[in-house]
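Residue numbers (our numbering): -1 to 124.
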């Protein structure tokens, strides 16, 4: 329990540091577009933490969120698995799809086309 709380504290501090720096440009960002920068992802993480949602704070979800926040690209489940160094067998891809769908429900990612995911903060009001 203490290890998990320590990780949450570290994550909170990291997110606050990112927010303090302001929105950062991500490859492919269009100036003035909303909901696609690392600062937006950090705000979504803080909002999720504020309502007690620990799902997005899991190490797996943190890696996924970091990938999308740093690339800014839209990706398919198989691509996400490959980028994270996971196997691309059907069982791994389907597990990733479930995680990405949960992040869509949280408003951290958006499914822009069937099976295509990218950072999006519209549900968080960005």
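In this text, a Cβ means the ideal position worked out from N, Cα and C, and glycines have one as well.
118 is the residue among 1, 8, 118 whose C-alpha sits nearest the C-alpha of residue 67. Residues of the same chain with a CB within less than 8 Å of the CB of residue 86, apart from the 5 flanking positions on each side, are 76, 79, 80 in chain order. When the beta-carbon positions are compared, residue 110 and residue 71 stay at least 7 Å from each other. For residue 108, the uninterrupted beta strand (DSSP E) run begins and ends at 107 to 111, by DSSP. In this structure, the straight-line span from the alpha carbon of residue 104 to that of residue 83 is close to 24 Å.
Between the beta-carbon of residue 8 and that of residue 63 there is about 15 Å, and that puts the pair past the 8 Å contact cut.
When rounded, the separation of the alpha-carbon atoms in residue 59 and residue 97 is 7 Å.
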